[in-house]
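Asks: In case it helps, this note's numbering puts the sequence shown at residues 3 to 259.
Once you've had a glance at the structure underneath, I'll fire off some questions.
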Amino acid sequence: MTFLEVKDLHVSIDGKEILTGLNFKIDKGEVHAIMGPNGSGKSTLANAIMGHPKYTVNSGDILVNGESILKLSTDLRARKGLFLAFQYPTEISGVGYSHFLRNAYNTLNKALPEDNTREVFLTVREFYEYVKKNLDAVGLDQSFLSRYLNEGFSGGEKKRSEVMQMLVLKPYLAILDEPDSGLDIDAVKAVAEAINKLIELGTGVLVITHYARILRYLKKLDYVHVVAKGKVIKSGGKDLSEELETKGYGWLGLEDK
Ligand code: ADP
Ligand code: MG
Numbered sequence: 003m004t005f006l007e008v009k010d011l012h013v014s015i016d017g018k019e020i021l022t023g024l025n026f027k028i029d030k031g032e033v034h035a036i037m038g039p040n041g042s043g044k045s046t047l048a049n050a051i052m053g054h055p056k057y058t059v060n061s062g063d064i065l066v067n068g069e070s071i072l073k074l075s076t077d078l079r080a081r082k083g084l085f086l087a088f089q090y091p092t093e094i095s096g097v098g099y100s101h102f103l104r105n106a107y108n109t110l111n112k113a114l115p116e117d118n119t120r121e122v123f124l125t126v127r128e129f130y131e132y133v134k135k136n137l138d139a140v141g142l143d144q145s146f147l148s149r150y151l152n153e154g155f156s157g158g159e160k161k162r163s164e165v166m167q168m169l170v171l172k173p174y175l176a177i178l179d180e181p182d183s184g185l186d187i188d189a190v191k192a193v194a195e196a197i198n199k200l201i202e203l204g205t206g207v208l209v210i211t212h213y214a215r216i217l218r219y220l221k222k223l224d225y226v227h228v229v230a231k232g233k234v235i236k237s238g239g240k241d242l243s244e245e246l247e248t249k250g251y252g253w254l255g256l257e258d259k
């Protein structure tokens, strides 16, 4: 069954149309990748799905389980099981990391009560044990929990931290916007392993990336889509990502900005 459907979506930022009729569908538990030149609208799609206020939907629709989410605020979209790992995570001074995670986790537990795969942690200590396992999985030290959210984290630490949040929160659909950009090969593997854990849980995954490299490490990849000038212009399987990696976007008559 289709979990998320994006229908003929037109989105603009500051009056400039970026998405020009984009169609996309993902079923529960499927793994999709979106590739495409810089500036083609990939992050715009991710942000529009989550309801970022800077992105105006002019027409088309975004549906979760067949219902439009366009009128919902971002937190209500998150409560439907949508999660976005940002391309550029923001530093939020004053918001304690562990406090933030625990509140988000508890909020989702209330919102997704029919899902019996979610543990209920009765004590703060039990929750920390659970978080620590996930910190280890992405190679982050426990000391991060006592810091403010993303404040002073290096580029690589921010990326690992986004993926760690995704592991802890266990959304129904995780959207990852270039989780591999700026990472060394070990970090890319760690991020891919974290995504694999979610795939095992049956979570849907949408990975936005420039490189086939991270996709090679994934347990499963159902579809690859190429976005250009605000539309999906080609879809295929894993071989499409390999073809793009070797031939470049020029092969599809596209130019990378
Ligand atoms: P991608 O993620 O595919 O590289 P984006 O979705 O980030 O592309 O951007 C698509 C286009 O929208 C680009 O031309 C970019 O310059 C423009 N854009 C993105 N954010 C803004 C913004 N805040 N204000 C104006 N234009 C923007
Ligand atoms: Mg982007």
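Glycine included, C-beta positions come from ideal geometry on N, C-alpha and C.
Since we're looking at a predicted model, the values are computed, not measured.
Return yes when the C-beta of Lys231 is under 7 Å from any heavy atom of ligand 2, and no when it is not.
Replies: no
Asks: Could you tell me whether the segment 76-96 touches the segment 235-247, using the rule of 3 or more Cβ pairs below 8 Å?
Replies: no
Asks: Count the other C-beta atoms from every protein chain shown that fall within 10 angstroms of the C-beta of Val97, then say buried if there are 16 or more, exposed otherwise.
Replies: Taking a 10 Å sphere around the C-beta of Val97, we find fewer than 16 other C-beta atoms and assign the residue as exposed.
Asks: Between the alpha carbons of Glu159 and Asp143, how many angstroms are there, rounded?
Replies: So the alpha carbons of these two residues sit roughly 10 Å apart.
Asks: So the alpha helix (DSSP H) His262 belongs to, where does it begin and stop?
Replies: No answer is possible for residue 262: the residues shown for the chain start at 3 and end at 259.
Asks: For Thr211 and Ile36, I'd like the C-alpha separation in whole angstroms.
Replies: If I take the Cα positions, the gap works out to 6 Å.
Asks: Could you spell out where the alpha helix (DSSP H) holding Leu77 opens and where it closes?
Replies: The amino acid occupying residue 77 in the given sequence is Asp; Leu does not appear at that position. Here the alpha helix (DSSP H) through Asp77 covers 76-81.
Asks: Thinking C-alpha only, which one of Tyr174, Thr58, Ala196, Asp179 is nearest Gly206?
Replies: Check the Cα spacing between Gly206 and each of Tyr174, Thr58, Ala196, Asp179: the tightest is with Tyr174.
Asks: Between the Cα of Asn60 and those of Glu128, Ala196, Ala230, Ile20, spot the shortest distance and give me the residue it belongs to.
Replies: Ile20
Asks: Does DSSP classify Tyr213 as helix, strand or coil?
Replies: Residue state, collapsed to three classes: coil.
Asks: Could you check where the alpha helix (DSSP H) with Glu159 kicks off and where it finishes?
Replies: DSSP places Glu159 inside the alpha helix (DSSP H), whose first and last residues are 157-171.
Asks: With distance defined between alpha-carbon atoms, name the residue in Phe123, Ser163, Ser70, Leu11 nearest to Phe88.
Replies: Ser163
Asks: Return the residue from the list Val226, Gly62, Met168, Gly23 that minimises the CA-CA distance to Leu137.
Replies: Checked all of Val226, Gly62, Met168, Gly23; the closest Cα to Leu137 is Met168.
Asks: Considering only their Cβ atoms, is the gap separating Phe26 from His227 smaller than 8 Å?
Replies: yes
Asks: Are the Cβ atoms of Leu220 and Ile235 separated by less than 8 Å?
Replies: no
Asks: Counting Cβ pairs, one atom from each stretch, are 3 or more of them under 8 Å apart for the segment 3-15 and the segment 50-69?
Replies: yes
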